[in-house]
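Worksheet: one structure, shown below.
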Amino acid sequence: MNRITSLLGIRYPIIQGGMVWCSGWRLASAVSNAGGLGLIGAGSMHPETLREHIRKCRAATRFPFGVNIPLMYPQIEEIMNIVVEEGVKIVFTSAGNPKTWTGWLKERGITVIHVVSSSRFAVKCEEAGVDAVVAEGFEAGGHNGREETTTFCLIPAVREATTLPLIAAGGIGTGEGILAAMVLGAEGVQIGTRFALTEESSASPVFKDYCLSLGEGDTKLLLKKLAPTRLVKNAFREAVEKAEDSGATPEELRILLGRGRAKKGIFEGDLEEGELEIGQVSAIVSRRQSVSEVMTELVEAWQRAAEKKYF
């Protein structure tokens, strides 16, 4: 037990990332049932779809689960009200100012954890009254920080800057990685890529298989003028790189991105024109597994690593 397991009421301090088009009720409930904390990713859901997933998740697990909410979500008020109406007790927020909603959520008895990419933002989170922070290094997939600070550099910096319970994210996909994050000062980890590629993930099997074949250097952080996103090599990424090399404006990049690009790639499996987001750790993941298998591997490897005598 530590501050993260106590705060969230979970067995292991392992949280599943709330990833768009991957993190539906099946994935979230499977992670919670395996002893971690599952998160439903609200960022790719219409409000009533989120309500449906919350209800199905509650029916599928008796353990705690939460909802991840990007604060730039266009129908944010409706989403927040649904979370309260459905009795969700844990919310992870990201991509916005934590002051905006933290007080409102906490007044309604909800635990609030915010995702940051720098120690400066971690301090702002503490001032805003959040219960914990996720410090995410730029190895992570999906939307990311512009600072390009790696997890190994970010975690000790955030640990020094704040007294809040600290969760490490970005490039963590093994039990040894969990131990390394904790040695640096984290009290828990958030893992996206490993869970995005499991059987229970709602991502397209075509997307999963493609990501399982990736090697080192096959992902790259792009779209920094909009929202930095780690993209897999394909025709769309090549178009983005060409546009950025030519000095494209944010508006030109926004037009190139269009609408529904991530859904097309991750959920529908369009490997050429879709926006394919995945973390760097995909290079060391080569087979599709169930959530239960992944959790068992993570915990057993973490325990073995903790028992080793390195010197």
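2 is the number of the first residue of the sequence shown in this note's numbering; add one for each residue after it.
We put the beta carbon where it would ideally sit given N, CA and C, even for glycine.
Per-residue burial, residue i [other beta carbons within 10 Å of its own, 16 or more giving buried]
i, result
"Q17", "buried"
"V184", "exposed"
"K265", "buried"
"S24", "buried"
"Y311", "exposed"
"N3", "exposed"
"S203", "buried"
"P330", "This structure cannot speak to residue 330, because the chain is shown only from 2 to 312."
"M73", "exposed"
"S214", "exposed"
"Q281", "buried"
"P71", "buried"
"T252", "The question names Thr, but residue 252 in the sequence shown is Glu. With fewer than 16 Cβ atoms within 10 Å of its Cβ, E252 is classed as exposed."
"I80", "buried"
"S7", "exposed"
"A240", "exposed"
"G377", "It is not possible to answer for residue 377, since the shown part of the chain is limited to 2 through 312."
"T164", "exposed"
"A60", "exposed"
Cutoff 8 Å; reference residue i; Cβ partners in own chain excluding five residues on either side
i, result
"G110", "K90"
"L272", "V207, F208, Y211, N235 and G266"
"I168", "I5, P14, I16, I114, A133, V134, V135, A136, A187, E188, G189, V190 and Q191"
"I55", "W26, I41, V68, I83, V84, E87 and V89"
"G176", "E298, L299, V300, E301, A302, W303, Q304, R305 and A306"
"G261", "none"
"G104", "A129 and G130"
"S291", "A31, T199, E200 and E201"
"T250", "K226"
"W22", "G42, S45, S203, A204, A263, K264, I267 and F268"
Nearest-angstrom Cβ-Cβ length linking residue i and residue j, presumed shorter than 8 Å
i, j, result
"A133", "K100", "Between K100 and A133 the Cβ distance is about 16 Å, and since that is not below 8 Å, they are no contact."
"G146", "S120", "Not a contact, Cβ separation roughly 11 Å."
"F20", "G193", "A quick correction: the sequence has Met, not Phe, at residue 20. The Cβ separation is near 5 Å, so the contact holds."
"A43", "V68", "5 Å"
"D246", "V233", "Not confirmed; about 18 Å, so no contact."
"L223", "E200", "29 Å between Cβ atoms; not a contact."
"L28", "G39", "6 Å"
"R160", "G174", "That belief does not hold up - the Cβ atoms of R160 and G174 are roughly 21 Å apart, past 8 Å."
"V286", "L198", "6 Å"
"A182", "A123", "Going by Cβ atoms, the distance from A182 to A123 rounds to 15 Å, so no, they are not a contact pair."
"F237", "E276", "6 Å"
"M351", "G36", "In this structure the chain extends from 2 to 312, so residue 351 is not present and cannot be described."
Sequence-distant residues of its chain with Cβ nearer than 7 Å to residue i (five each side left out)
i, result
"K107", "V113 and G130"
"R52", "I83 and E87"
"E278", "G142, G143, T230, R231, L232, A263 and I267"
"P157", "L185 and G186"
"Q76", "P48"
"E274", "A236, F237 and K265"
For residue i: DSSP bridge partner residues
i, result
"Q191", "I16 and A170"
"K221", "L232"
"G39", "F66"
"I91", "T112"
Residue i Cβ short of 7 Å to the ligand ADP heavy atom set
i, result
"L185", "Absence of the ligand ADP from the depicted structure is noted, as is the absence of any ligand whatsoever, leaving it without description."
Beta-carbon proximity list for residue i, same chain, < 6 Å, skipping 5 on both sides
i, result
"S33", "G39, T62, F64 and F66"
"S283", "T194, C212 and L215"
"V116", "S95, V135 and E137"
"S293", "A35"
"G97", "L72 and M73"
(request) May I have a chain-ordered list of the beta strand (DSSP E) segments no shorter than 3 residues that lie completely inside the region 93-143? (result) 112-117 and 133-137
(message) Which complete alpha helix (DSSP H) runs does the region 229-299 hold, if anything under 4 residues is left out?
(response) 236-246 and 251-258
(message) To test your reading of the DSSP string, which unbroken alpha helix (DSSP H) runs of 4 or more residues are found completely within the region 42-76?
(response) 48-61
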